[in-house]
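Participant:
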Amino acid sequence: AYNLIPESDKKEFHYNLGKALHSISEEKDVGDTILLIASQIYHGKESIMKNDELRIPIVKLNMAAGMKAMESCRHKTAFSYLQAAWSLLPDDCWGSYYDISLRLNFMMASAANSSCEYDDAVLILQRIMKEARCTK
């Protein structure tokens, strides 16, 4: 049946599948299924980027998927989910979503370091040093 879906419609199919799975599982601990849900939804990145109301919930979903992957020592997988989350944030994220931006960047640096992506980890830490502000 999947092969009958036109190639041009497959991203939308995966996106809708992810949204359906997410709506069923919201507020539940779905274990590793969160990785599948986040992956499916990310196929609809173009649709997400057009809808500001969707962006932050999907960022948080990808952050949760990244955390789940890190908990099971799948650091490269975690890094990819966290990079996906970062790509969905608006350009002014450090101003408009400071807490999420800071938390996400620390998670990305940790995942990058743990997956031997040292250059990426350094760049992310430099970004944190540039953008972080004192909370005192």
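The sequence shown begins at 5 in the numbering used here and counts up one residue at a time.
Each residue gets a CB set at the ideal place from its N, CA and C atoms; glycine is no exception.
Can you give the Cα-Cα distance for A42 and N55, rounded to whole angstroms?
Facilitator: Within the sequence shown, numbered from 1, the residue matching residue 42 stands at position 38. Within the sequence shown, numbered from 1, the residue matching residue 55 stands at position 51. Roughly 17 Å between the two C-alpha positions.
Participant: So what does DSSP say about V34, is it helix, strand or coil?
Facilitator: Mapped onto the sequence shown, residue 34 falls at position 30. It is coil, neither helix nor strand.
Participant: List in chain order: all unbroken alpha helix (DSSP H) runs of 4+ residues lying wholly within the segment 81-115.
Facilitator: For the segment 81-115, the full-length alpha helix (DSSP H) segments reaching 4 residues or more read 97-100 along the chain.
Participant: Determine, using beta carbons only, whether A125 and H79 come nearer to each other than 7 Å.
Facilitator: The residue labelled residue 125 in the question sits at position 121 within the sequence shown. The residue labelled residue 79 in the question sits at position 75 within the sequence shown. Contact: no.
Participant: Anyone know if the C-beta pair for N109 and I132 falls short of 7 Å?
Facilitator: What you label residue 109 is simply residue 105 of the sequence shown in a count that begins at 1. What you label residue 132 is simply residue 128 of the sequence shown in a count that begins at 1. For N109 and I132, yes; Cβs fall inside 7 Å.
Participant: Could you say which of A113, S91, K49 lies nearest to E16 if we only look at CA atoms?
Facilitator: Residue mapping note: residue 16 aligns to position 12 of the sequence shown, counting from 1. Out of A113, S91, K49, K49 has the C-alpha closest to the C-alpha of E16.
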